[in-house]
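Sequence order for the protein chains is F and X.
Under this note's numbering, read the first sequence as residues 310 to 564, first letter to last.
Under this note's numbering, read the second sequence as residues 672 to 919, first letter to last.
Just so you know, even glycine gets a beta-carbon here, dropped at the ideal spot from N, CA and C.
It should be emphasised that the depicted structure is a prediction, and the values quoted were computed from it without experimental measurement.
Reviewing the structure listed below.
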Amino acid sequence: MNLIRIIGRAGVRLTRNLGSYGLFLMNTLFWTFSSPLKTGRVIEQMSFIGVKSTLIVLLTGAFTGMVLGLQGFYALSKFGGEAMLGPTVALSLIREIGPVISALMVTGRAGSALASEIGIMRITEQIDAYEVMALNPYRYLVVPNLVAAVLCFPLLAALFDVLGIWGGYVVGVKLLGLSPGTYFGEMTVYLSSSDVFHGIYKSLSFGLIVAWICCFKGFFTEYGAKGVSKATTQAVVICSVLILVWDYFITSVSF
Amino acid sequence: MIEILGLHKSFNGNPVLKGVTLTVREGELLALIGRSGIGKSVLLRHIAGLMRPDAGTVKIDGTDIFKLRGRDLVEMRKRFGFLFQGGALFDSLTVYDNVAFPLRERTSLPEAQIKDRVFNELEHMGMKNDWNKYPAELSGGMRKRAALARALVMGPSIMFFDEPTTGLDPIIGQNILDYIHRCHRELEFTAVMVTHEVQKVFGIVQQVAMIHQGEIIVCGSPEAVRQQNDPVFDQFVRGDSKGPVQYI
Ligand SMILES: Nc1ncnc2c1ncn2[C@@H]1O[C@H](COP(=O)(O)OP(=O)(O)OP(=O)(O)O)[C@@H](O)[C@H]1O
Ligand SMILES: [Mg+2]
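Okay, structure coming up:
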């Protein structure tokens, strides 16, 4: 009897939680399309989410590509397929690793900051101040982040891919002696535009996920410094898990 | 006119408001007093529609504010001015931009006129020289005054003040009260002012209400409440540690 009650209560709580995430997203999308954008805020947030993340994305991109180069070369040489290094590196970067790792890096750098910034605005009543001035806080605080993230994530992933391919080139060609013609030549043969679009769709959806979850966690933070730190941690954890789960989901659907 | 009808609110099972009923007549300034942590800010947030009650309601000019949606709610809130206890200044904006914010977002005034109104308001708060500072660079009292400027700049018809003079030195505090008094006469807003400065506000308010243990225990004109001889109210006004309210 007790067990049923516990399960029931957990079920109700889960449904209510999921419902509030869903409602939050619906509200945000509604205000994105139904009112003029706050362009100034969007540009500020693009600078924060996008421009300021370039360095970390470039660094992680280069090293990821180099590891892929090393590891790919080792695996391919087992059956004499070293010539395939270029396509292997490029395909895995563009379809999978670029969007995923760049999204994870940006979550750690910008997503946590978004959650804590909005959380602090909640506990210092700044969100209430918007409401009581008859201004919609979604329009000012959430929508600009969503738009900025959706625009920036694909660009950051593209940067990551470029640096990664370059990293693979450095290792494969400069270090391990593959010819540059093989590395780049085979790439154009095996890579199609659908692979690129696949990566772009992924990045777009990751941008949406990160902005959505981080803003949600900040928006409904509990009170006090503890509340904000909890919201921040949870935002990063939930985003990271969701990015990987969603990544698997889209990849499996696209095959 | 603001009518508060049987308002109940609990947080995690702890009741804070236990049936608060209170009326603020048109153009009246009401002082809400009560000991710290008793629920004054919570009550104010309910009246402005920032919190939903468990039971009871608030009517402003006959409209139930918890039933308002969308455009009607926006129209109602356009009449509000709210001074939050902590100021609630936007910390990414300077003092000037904070005060100009509602003007820029809600009116189409040219920047020159906005500037005049903002500086006019800041001058009354003695904040004219701090216009380009960020909230983080201000003292608590300065934040309060900047926030007050922002709350008043739109010329609201319904004002909520949450402790406008707390944290200010006595002279500036008195100046602010004088300014509120003047704004009240000029704009004729209906207002609720949470305050601990019981003696000082008696001269400028039309009604005093005291909240205690979730209910309004004393309410009336300043002269009337002084003659009621309610022991809690008297202790509060005297600021006495001996009496029916014991903290320790
Ligand atoms: N969001 C909230 N969640 C849980 N409890 C709350 C919340 N807001 C207020 N409370 C509780 O409600 C009670 C009243 O708080 P309130 O802020 O209204 O006090 P107050 O009368 O304004 O005090 P002060 O004069 O110190 O500002 C407090 O016990 C507080 O713990
Ligand atoms: Mg308070």
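Please go through the same chain and pick out, in chain order, the residues whose beta-carbon is closer than 7 Å to the beta-carbon of residue i, but skip the five residues on each side of it.
i: methionine 355 (chain F); result: Ala457, Leu460, Cys461
i: aspartate 901 (chain X); result: Ile888, Val889
i: glutamate 792 (chain X); result: Val770, Ala820, Leu823, Val824
i: phenylalanine 753 (chain X); result: Ala719, Ala822, Phe831
i: proline 463 (chain F); result: Ile509, Ser512, Leu513
i: tyrosine 532 (chain F); result: Ile432
i: threonine 348 (chain F); result: none
For a cutoff of 7 Å on Cβ pairs, would you count residue i as touching chain F?
i: alanine 759 (chain X); result: yes
i: lysine 738 (chain X); result: no
i: glutamate 776 (chain X); result: yes
i: lysine 749 (chain X); result: yes
i: valine 745 (chain X); result: yes
i: proline 773 (chain X); result: yes
i: phenylalanine 755 (chain X); result: yes
i: leucine 721 (chain X); result: yes
Would you check if the distance between the CB atom of residue i and the CB atom of residue j is smaller than 7 Å?
i: tryptophan 521 (chain F); j: leucine 334 (chain F); result: yes
i: glycine 710 (chain X); j: valine 687 (chain X); result: yes
i: phenylalanine 469 (chain F); j: valine 351 (chain F); result: no
i: valine 691 (chain X); j: threonine 861 (chain X); result: no
i: valine 546 (chain F); j: glycine 428 (chain F); result: no
i: phenylalanine 904 (chain X); j: methionine 864 (chain X); result: no
i: methionine 798 (chain X); j: arginine 816 (chain X); result: yes
i: methionine 881 (chain X); j: isoleucine 704 (chain X); result: yes
i: valine 916 (chain X); j: alanine 702 (chain X); result: no
i: alanine 399 (chain F); j: methionine 496 (chain F); result: yes
i: valine 789 (chain X); j: tyrosine 805 (chain X); result: no
i: tyrosine 478 (chain F); j: tyrosine 499 (chain F); result: no
i: alanine 759 (chain X); j: glutamine 435 (chain F); result: yes
i: histidine 507 (chain F); j: serine 563 (chain F); result: yes
i: valine 441 (chain F); j: phenylalanine 907 (chain X); result: no
i: phenylalanine 528 (chain F); j: tyrosine 330 (chain F); result: no
i: proline 489 (chain F); j: valine 482 (chain F); result: yes
Is residue i close to chain X? Criterion is C-beta to C-beta, closer than 7 Å.
i: alanine 392 (chain F); result: no
i: leucine 444 (chain F); result: yes
i: glutamine 354 (chain F); result: no
i: alanine 422 (chain F); result: no
i: glutamate 434 (chain F); result: yes
i: valine 351 (chain F); result: no
i: valine 360 (chain F); result: no
i: alanine 540 (chain F); result: no
i: aspartate 437 (chain F); result: yes
i: valine 441 (chain F); result: yes
Which residue from the options puts its Cα closest to that of residue i?
i: isoleucine 875 (chain X); options: X:Gly885, X:Leu678, X:Glu886, X:Glu894; result: X:Glu894
i: threonine 621 (chain F); options: F:Val376, F:Ser362, F:Pro453; result: What the structure shows of chain F is the stretch from 310 to 564, and residue 621 (chain F) is not part of that stretch, so it cannot be assessed.
i: glutamate 405 (chain F); options: F:Tyr510, F:Leu455, F:Ile432; result: F:Tyr510
i: glycine 465 (chain F); options: F:Ile410, F:Val550, F:Arg318; result: What sits at residue 465 (chain F) in the sequence shown is leucine, not glycine. Considering only alpha carbons, the answer is F:Ile410.
i: threonine 397 (chain F); options: F:Asp470, F:Gly536, F:Leu377; result: F:Leu377
i: isoleucine 474 (chain F); options: F:Gly395, F:Thr348, F:Ser549, F:Ser503; result: F:Gly395
i: lysine 749 (chain X); options: F:Ala319, F:Phe493, F:Asn445; result: F:Asn445
i: tyrosine 390 (chain F); options: F:Asn326, F:Leu487, F:Leu364; result: Residue identity differs from the one stated: residue 390 (chain F) is glycine in this sequence, not tyrosine. Selected option, being the one with the closest Cα: F:Leu487.
i: isoleucine 847 (chain X); options: X:Thr836, X:His855, X:Arg856, X:Glu857; result: X:Thr836
i: glycine 407 (chain F); options: F:Tyr532, F:Glu531, F:Asp504; result: F:Asp504
i: alanine 807 (chain X); options: X:Thr765, X:Met672, X:Lys871; result: X:Thr765
i: glutamine 884 (chain X); options: X:Leu676, X:Ser779, X:Gly891, X:Gly708; result: X:Gly708
i: glycine 838 (chain X); options: X:Gly684, X:Leu693, X:Gln870, X:Gln756; result: X:Gln756
i: leucine 484 (chain F); options: F:Gln380, F:Leu346, F:Met496, F:Phe357; result: F:Gln380
i: glycine 733 (chain X); options: X:Thr866, X:Arg706, X:Glu697, X:Asp762; result: X:Glu697
i: tyrosine 447 (chain F); options: F:Arg325, F:Ser401, F:Ser343, F:Ala467; result: F:Ser343
i: valine 869 (chain X); options: X:Leu809, X:Arg706, X:Phe772; result: X:Arg706
i: alanine 534 (chain F); options: F:Ile432, F:Cys523, F:Arg418, F:Tyr439; result: F:Ile432
i: histidine 855 (chain X); options: X:Arg740, X:Gln877, X:Thr778; result: X:Gln877
In chain order, what residues of the same chain have a beta carbon less than 6 Å from the beta carbon of residue i, not counting five sequence neighbours either side?
i: glycine 476 (chain F); result: Ala371, Gly374, Met375
i: aspartate 556 (chain F); result: Val409
i: tyrosine 850 (chain X); result: His795
i: threonine 541 (chain F); result: Ser421, Ala424, Ser425
i: valine 896 (chain X); result: Val879, Val889
i: leucine 858 (chain X); result: Gly826
Between residue i and the rest of its own chain, which residues show a CB-CB distance below 8 Å, the 5 nearest in sequence each way excluded?
i: phenylalanine 737 (chain X); result: Gly720, Arg723, Pro724, Thr728, Val729
i: isoleucine 552 (chain F); result: Val409, Ala412, Leu413, Thr416, Phe515, Ile518, Val519
i: glycine 328 (chain F); result: none
i: leucine 676 (chain X); result: Thr692, Gly727, Thr728, Val729, Lys730
i: lysine 689 (chain X); result: His679, Gln884, Gly885, Glu886
Quick one: complete alpha helix (DSSP H) runs, 4+ long, within the region 771 to 821 of chain X?
782 to 795
Complete runs of the beta strand (DSSP E) confined to the region 674 to 736 of chain X [at least 3 residues]
With a minimum length of 3 residues, the continuous beta strand (DSSP E) runs that stay inside the region 674 to 736 of chain X are 685 to 695, 700 to 704, 726 to 731.
Enumerated in chain order, which unbroken segments of the alpha helix (DSSP H) with a length of 4 residues or greater are wholly contained in the region 484 to 531 of chain F?
489 to 499, 502 to 528
To test your reading of the DSSP string, which unbroken alpha helix (DSSP H) runs of 4 or more residues are found completely within the region 369 to 431 of chain F?
394 to 400, 407 to 415
Along the chain, which unbroken stretches of the beta strand (DSSP E) at least 3 residues long are found entirely within the region 882 to 910 of chain X?
886 to 891
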